[in-house]
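Residue 348 in UniProt numbering sits at position 348 of the sequence shown; the count goes up by one each step and never skips.
Where a beta carbon is used, it is the ideal one built from N, C-alpha and C, also for glycine.
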Amino acid sequence: MGLMEARWENIVPFIAMALMEACTIALTILAKTALTGGMSPFVFIVYTNALGSLLLLPYSFFFHRDERDDEPFVTKPSLVRIFLLGFTGVFLYQNLAFLGLSYSSPIVVCAMGLQSPAFSFLLSIVLGEGGLRWECKRTRGRVIGTLICFTGAFVEVIYLGPFIRPSPSSSPNSNFLTAIAHYLTFFKNSDNWALGSLLLACATFSISIWNIIQLDTVQKYPQVMKVVSAYSLAGTLQCAIFSAFMEPDLSAWKLELNMDFYLIIATGIFGSIIRTSVQVKCSKMKGPYYVPLFKPFGILWASIFGTSFFVNSLHYGSVLGAAIAGTGYLLIMWSQVQKDVQKDMVEEKDNQQLDSDDQITPLLLGNGDVDQV
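Right, here's the structure in full:
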């Protein structure tokens, strides 16, 4: 019975996180379809976040109903943190991400999202939180992983390649030079592929800053869902003010009972309640690195969905760039896990030494000669 329970404890989180990535990619593809069909990204962002905030507010209290709130949440420092979390994690990230998506594709969203640990590593160096010790294997792993991530992003930006599943009407160009030019993004200015990739990279940089603020905030206020609810509301208000200027046409804000409306409902519910709850539960069950390790699954799902349901939507170059970025991502994550494992071992050793000192110290303090020395 114990063995079966242990297996389920491994299987259930794995399936849950794999499905979360699949749903995220599916909703991203549908969002790309809606944006291509003429829906304003600013309208989409405001409505999805407004719905998510309304759902999160009561749900956060229900989620933490059995937990004692020792630290007062509504204080001046916490409000500043909430504002910054909403600004970096909702306002900046989502506006940049959806604008980038409108110019590119879901596979590019995956590839640029995988740059997050590379940006975090660079930020830790700039902020003086991490040093570069090249003799350390973990440092070498993070540096090499960062370079691999950026290589994948570079490939994603400059090289499209042929379609993996072209439409029957498309035929290969016989002119080699013309074909090469067709496969490089800078020769396809109308698609704004490079601009979309740059916007998505900026969105990932924003979420890397958000992650630093979020980690420090959760340490002070461990009721995660309340933190999420608060900064979601703050970010929604920021998005609403910004979008009112960016999209002054009132007809763009009018919703009808069509696919766009149902997509907003699905995205709001999934992003605010379902995905966040599953990620929090899996992190508590399997540790802080379990959830991020599933991010490269997005490449797999984007490739499957792109080749199964759409023609002329997925390029070999896009998949190649995403795969390279995924390799670098996993290398950085492995290096970070090894660093934290060693840190835990050192802390455990120090605690054991401290326990030993606690047993010896009273004897030393009772000896006047030793005290004088």
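Validate contact between the region 84 to 95 and the region 205 to 216 using beta carbons, cut 8 Å, 3 pairs: Touching, yes.
Bridge partner(s) assigned by DSSP for H315: DSSP, once it has assigned bridges, lists F163 as partnering H315.
Distance between beta carbons of H315 and G161, contact taken as under 8 Å: The pair is a contact, with the Cβ atoms about 5 Å apart (cut-off 8 Å).
Where K32 sits in the DSSP three-state scheme: In the three-state DSSP reduction, K32 falls in the helix class (H, G or I).
Beta-carbon proximity check, L55 vs I273, cutoff 8 Å: Closer than 8 Å, so yes.
Nearest residue (CA-CA) to S105, options L293, L35, T267, I213: Among L293, L35, T267, I213, the Cα nearest to that of S105 is on L35.
Range of the contiguous alpha helix (DSSP H) that encloses A240: Residues 224 to 246.
Endpoints, the alpha helix (DSSP H) within which D260 is located: It spans 259 to 269 - the alpha helix (DSSP H) in which D260 sits, taken as one unbroken run.
Rounded straight-line distance, which links the Cα of N258 to that of S283: C-alpha separation (whole angstroms): 36 Å.
M285: first and last residue of the uninterrupted alpha helix (DSSP H) it sits in: First-last of the alpha helix (DSSP H) with M285: 275 to 286.
Enclosing alpha helix (DSSP H) for P292 [first to last residue]: Counting along the chain, P292 falls outside any alpha helix (DSSP H), and DSSP gives it neither H nor E.
Exposure label - K137; buried when at least 16 CB within 10 Å: Label assigned to K137: exposed.
8 Å contact criterion, which L114 and P296 should meet: CB distance rounded: Between L114 and P296 a beta carbon distance of about 7 Å is seen, short of the 8 Å cut, so the two are scored as contacting.
Terminal residues of the alpha helix (DSSP H) in which R81 lies: For R81, the enclosing alpha helix (DSSP H) stretches over residues 76 to 86.
Alpha carbon of L285 to alpha carbon of L199, nearest angstrom: It should be pointed out that residue 285 corresponds to Met in this sequence rather than to Leu. Between the C-alpha atoms of M285 and L199 there is a straight-line separation of about 34 Å.
Segment contact, 8 Å Cβ cut-off, at least three pairs: the region 291 to 309 with the region 321 to 331: Three or more pairs of CB atoms, one per stretch, sit closer than 8 Å, so the region 291 to 309 contacts the region 321 to 331.
Range covered by the alpha helix (DSSP H) that runs through L132: No alpha helix (DSSP H) contains L132, which DSSP labels as neither H nor E.
CB of I265 within 8 Å of CB of L51, strictly: The answer is yes: Cβ separation under 8 Å.
Rounded Cβ spacing between residue 384 and F98 (contact assumed at less than 8 Å): For the chain, the structure presents residues 1 to 373; residue 384 sits outside this window and is missing.
Inter-residue Cα distance where the pair is S174 and R133: Here S174 scores only 44 on pLDDT, less than 50, and its place in the model should not be relied on; the value that follows carries that caveat. Rounded to the nearest angstrom, the two C-alpha atoms are 52 Å apart.
G298 and T24 closer than 8 Å at C-beta: Contact flag set, yes.
Coil, strand or helix - S105 by DSSP: Of the three classes helix, strand and coil, the one that applies to S105 here is coil, per DSSP.
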